[in-house]
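S.K.: According to our numbering, the sequence shown is numbered sequentially starting from 4.
Just so it is clear, CB atoms sit at the ideal spot from N, CA and C, and this is done for glycine as well.
Quick one: the structure is below, questions incoming.
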Amino acid sequence: MIYDSTNIFARILRGEIPNKTVYDDEHVLAFHDVSPAAPIHVLVIPKGEYSSFDDFAATANALVIAQFFKKVQDIAVLVGADKTGYRLVTNHGADAAQSVAHFHIHILAGKPLGSLLAEGA
């Protein structure tokens with residue numbers, strides 16, 4: 004999957020599209036999903052050009068990867084997702100229904116989330 008600099012998250016990072024920011028630093032942006040699947044639904048994205056989890060894991064250095072995932076945990080605490088539990092989701096490729104070609108993590112919480120996959124999946 005090739006990185007597309009016109010994807011919605013790249014445009015958000017450039018300030019072309021507004022968002023409800025939860026956290027922002029030089030490496031990470033976290034914001035509320037515009038179509039939340041749970042009461043708490045935050046997207047966390049690295050500020051580098053990574054098209055997917057595979058791309059991020061293969062091309063970012065180990066320190067960047069470790070810092071990103073630590074920041075995901077910090078953001079989960081910041082939004083209160085740690086109180087009763089949360090789910091982290093990232094999708095890679097067509098079979099996983101990746102809809103934006105920019106690596107991102109969904110933090111979902113605030114209600115019982117049920118089983119991991121829909122029945123019959």
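So, with DSSP's three-state summary, where would you put residue 14?
M.R.: helix
S.K.: According to the Cβ coordinates, are residue 22 and residue 105 closer than 7 Å?
M.R.: no
S.K.: Does DSSP classify residue 40 as helix, strand or coil?
M.R.: If DSSP states are grouped into helix, strand and coil, residue 40 belongs with coil.
S.K.: At which residues does the beta strand (DSSP E) containing residue 34 begin and terminate?
M.R.: For residue 34, the enclosing beta strand (DSSP E) starts and ends at 31-35.
S.K.: Using only alpha-carbon positions, find the residue among 92, 62 and 68 that is nearest to residue 109.
M.R.: 92
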